[in-house]
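Worksheet for the structure shown next.
6 protein chains.
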Amino acid sequence: MNIKITREGGPDGTRPTNEEKAQLIAGVSSLLQDVLNKDPKTTFVVIDEVALEDWGIGELPVMQYRTKS
Amino acid sequence: MNIKITREGGPDGTRPTNEEKAQLIAGVSSLLQDVLNKDPKTTFVVIDEVALEDWGIGELPVMQYRTKS
Amino acid sequence: MNIKITREGGPDGTRPTNEEKAQLIAGVSSLLQDVLNKDPKTTFVVIDEVALEDWGIGELPVMQYRTKS
Amino acid sequence: MNIKITREGGPDGTRPTNEEKAQLIAGVSSLLQDVLNKDPKTTFVVIDEVALEDWGIGELPVMQYRTKS
Amino acid sequence: MNIKITREGGPDGTRPTNEEKAQLIAGVSSLLQDVLNKDPKTTFVVIDEVALEDWGIGELPVMQYRTKS
Amino acid sequence: MNIKITREGGPDGTRPTNEEKAQLIAGVSSLLQDVLNKDPKTTFVVIDEVALEDWGIGELPVMQYRTKS
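Residue numbers (UniProt numbering), protein chains in the order written: chain U, 1 to 69; chain W, 1 to 69; chain A, 1 to 69; chain R, 1 to 69; chain H, 1 to 69; chain V, 1 to 69.
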């Protein structure tokens with residue numbers, strides 16, 4: 001499982017907290033267990049933090065997209 | 001979000017059902033909304049089915065690994 | 001460069017044509033050359049066709065999402 | 001769409017500029033629209049900057065490869 | 001570890017054999033163990049077979065590239 | 001070839017050394033040449049260093065997983 005999320009949020013707005021990342025890891029692991037009976041011991045999760053300027057949608061970097069929409 | 005899962009399961013054991021995939025899509029989207037307040041409308045999920053011979057762990061293709069462990 | 005696209009389109013609606021894929025390969029290669037002066041000879045492109053049931057947005061598989069929106 | 005590029009270039013040679021990244025995002029989005037009629041609003045682009053020591057070709061890290069070729 | 005290889009080779013030229021894939025899985029696992037002392041039990045390998053028309057280099061699909069070079 | 005490894009190791013424990021990365025690049029390239037006769041000149045390797053908090057296994061961030069097991 002590869003989770004790509006923008007580098008924002010958390011208490012100072014710069015990135016998600018380690019606690020939030022732990023919740024994502026636990027959440028996707030139990031989701032795979034519930035839906036497909038996958039063993040959490042062999043469920044790998046990698047989180048990629050993506051800088052805002054590296055995330056594009058609607059032909060724009062996400063910050064410009066958000067301002068426009 | 002990229003979910004890589006082995007091509008197995010489902011009623012005939014050959015692959016997950018479309019219903020299970022829909023549950024994964026809904027599950028990871030609401031997880032990202034709950035934990036990081038991400039908007040589901042801009043949350044993309046891609047599921048990769050991986051043939052069993054293409055999935056390795058413990059130096060072995062997964063079927064051999066399961067037999068051995 | 002990894003391009004993930006849904007498995008649809010083309011003359012019979014089942015998938016993009018090889019000609020369209022060749023256009024994508026040429027297009028992204030010259031884009032990287034124009035913007036960042038990258039050498040096409042060392043620009044790799046991999047196209048992933050993703051089955052419609054494996055592509056999720058807005059908490060739904062894309063076909064259901066399109067019907068709903 | 002995932003674009004992996006080496007962490008170089010730009011005015012001080014250390015990395016591409018945000019403007020160049022915006023051009024890549026716009027370029028690949030309109031390419032997908034032109035070739036496959038994809039809606040830019042549901043076209044996601046993620047750019048990965050890769051450190052030079054993490055990029056290998058011809059059995060060598062790219063800087064050594066460039067010196068040799 | 002994600003290994004992307006073109007869908008060719010093997011006895012009938014259509015794809016790598018399962019035996020070759022097992023060699024790749026074993027090889028990268030022991031490489032990571034030798035170089036970085038990684039535990040093979042927690043080393044995951046996923047092999048992606050890529051259709052020839054989906055693999056681009058030098059602005060061309062790989063078959064055209066090979067014919068040209 | 002995409003190698004994802006945790007950001008640890010090396011002389012000060014913070015990350016793999018450039019020499020180790022060069023060994024990985026050379027190792028996977030010659031493995032592909034040995035097993036599938038791939039030309040090293042067109043074998044691309046990208047190494048992703050993953051922060052420990054971004055790597056999950058067994059429903060836990062890897063550091064917690066290691067402490068628990």
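C-beta atoms are modelled at their ideal positions from N, C-alpha and C, and glycine is treated no differently.
Quiz item: Between SER30 (chain V) and GLU49 (chain R), is the Cβ-Cβ spacing less than 8 Å?
Solution: Along the sixth sequence, one-based indexing puts residue 30 (chain V) at 30. Along the fourth sequence, one-based indexing puts residue 49 (chain R) at 49. Contact: no.
Practice problem: Show which residues of chain A have a CB atom less than 8 Å away from the CB atom of ASN18 (chain W). | Solution: Position 18 of the second sequence, counted from the start, is the residue given in the question as residue 18 (chain W). Result: GLU53, PRO61.
Quiz item: Would you call the CB atoms of ILE47 (chain H) and LEU36 (chain V) closer than 8 Å?
Solution: Along the fifth sequence, read from residue 1 onward, the residue named residue 47 (chain H) stands at position 47. Along the sixth sequence, read from residue 1 onward, the residue named residue 36 (chain V) stands at position 36. Their beta carbons are not under 8 Å apart, which means ILE47 (chain H) does not touch LEU36 (chain V) by this criterion.
Quiz item: For THR6 (chain V), which of helix, strand or coil comes out of DSSP?
Solution: For the purposes of this step, residue 6 (chain V) is taken as residue 6 along the sixth sequence, with counting starting at 1. In the structure shown, THR6 (chain V) sits in a strand (DSSP, three-state: E or B).
Self-check item: PRO61 (chain R) - DSSP class collapsed to helix/strand/coil
Solution: Indexing the fourth sequence from 1 puts residue 61 (chain R) at position 61. Reduced to three states, the DSSP call for PRO61 (chain R) is strand.
Quiz item: So which residues on chain C does PRO40 (chain U) lean against when the C-beta distance must stay under 7 Å?
Solution: Looking for chain C here will not work: the only protein chains present are U, W, A, R, H and V.
Quiz item: Going by Cα to Cα distance, which pick from R:GLY9, R:PHE44, R:ASP54 is closest to TYR65 (chain U)?
Solution: By 1-based counting over the first sequence, the position of residue 65 (chain U) is 65. The shortest C-alpha separation from TYR65 (chain U) is found at R:PHE44.
Exercise. Could you have a look at ASP12 (chain V) and say whether DSSP puts it in helix, strand or coil?
Key: Counting from one through the sixth sequence, the residue named residue 12 (chain V) turns up at place 12. Coil, per DSSP.
Self-check item: Which residues DSSP lists as bridging ASP48 (chain A), in chain order
Solution: As a first step, residue 48 (chain A) must be located in the third sequence, where it is residue number 48. Looking at the DSSP assignment, ASP48 (chain A) forms a beta bridge with A:LYS4.
Practice problem: Return the chain-ordered list of same chain residues with a C-beta closer than 6 Å to the C-beta of MET1 (chain U), the five sequence neighbours on each side being excluded. | Solution: Sequence index remark: in the first sequence, residue 1 (chain U) carries index 1 (1-based). These residues qualify, in order along the chain: VAL28, VAL45.
Exercise. Would you verify that the beta carbon of LYS4 (chain R) is, or is not, closer than 8 Å to some beta carbon of chain U?
Key: Counting from 1 along the fourth sequence, the entry for residue 4 (chain R) is found at position 4. No, LYS4 (chain R) lies away from the interface with chain U (no Cβ there is under 8 Å from its Cβ).
Exercise. Say whether chain W places a C-beta atom closer than 8 Å to the C-beta of VAL50 (chain A).
Key: Here residue 50 (chain A) refers to the residue found at position 50 when the third sequence is read from its first residue. Closer than 8 Å to some Cβ of chain W, the Cβ of VAL50 (chain A) qualifies, so yes.
Self-check item: residue 108 (chain W) versus GLU53 (chain A): straight-line alpha-carbon distance, rounded
Solution: This structure leaves residue 108 (chain W) out entirely; chain W is present only between 1 and 69.
Practice problem: Could you tell me the distance, in whole angstroms, from the CA atom of VAL62 (chain U) to the CA atom of ASP34 (chain W)? | Solution: Taking the first residue of the first sequence as position 1, residue 62 (chain U) is located at position 62. Taking the first residue of the second sequence as position 1, residue 34 (chain W) is located at position 34. About 21 Å.
Quiz item: So which residues of chain U does GLY13 (chain W) contact, with C-beta pairs closer than 7 Å?
Solution: For this step, residue 13 (chain W) is matched to residue 13 along the second sequence. None at all; the shortest Cβ gap to chain U is about 12 Å.
Quiz item: When you compare each of A:THR67, A:SER69, A:ALA51 to GLY13 (chain A) by their alpha carbons, which one comes out closest?
Solution: By one-based count along the third sequence, residue 13 (chain A) stands at place 13. Checking every option, the nearest Cα to that of GLY13 (chain A) belongs to A:ALA51.
Exercise. Could you work out which residues of chain R lie near VAL45 (chain A), taking near to mean beta carbons separated by less than 9 Å?
Key: As a first step, residue 45 (chain A) is located in the third sequence; it is residue number 45 there, counting from the start. Chain R residues near VAL45 (chain A): none, gap ~10 Å exceeds 9 Å.
Quiz item: Does the beta carbon of GLN33 (chain H) come closer than 8 Å to any beta carbon on chain V?
Solution: Working through the fifth sequence from its first residue, we reach residue 33 (chain H) at position 33. GLN33 (chain H) does not count as touching chain V.
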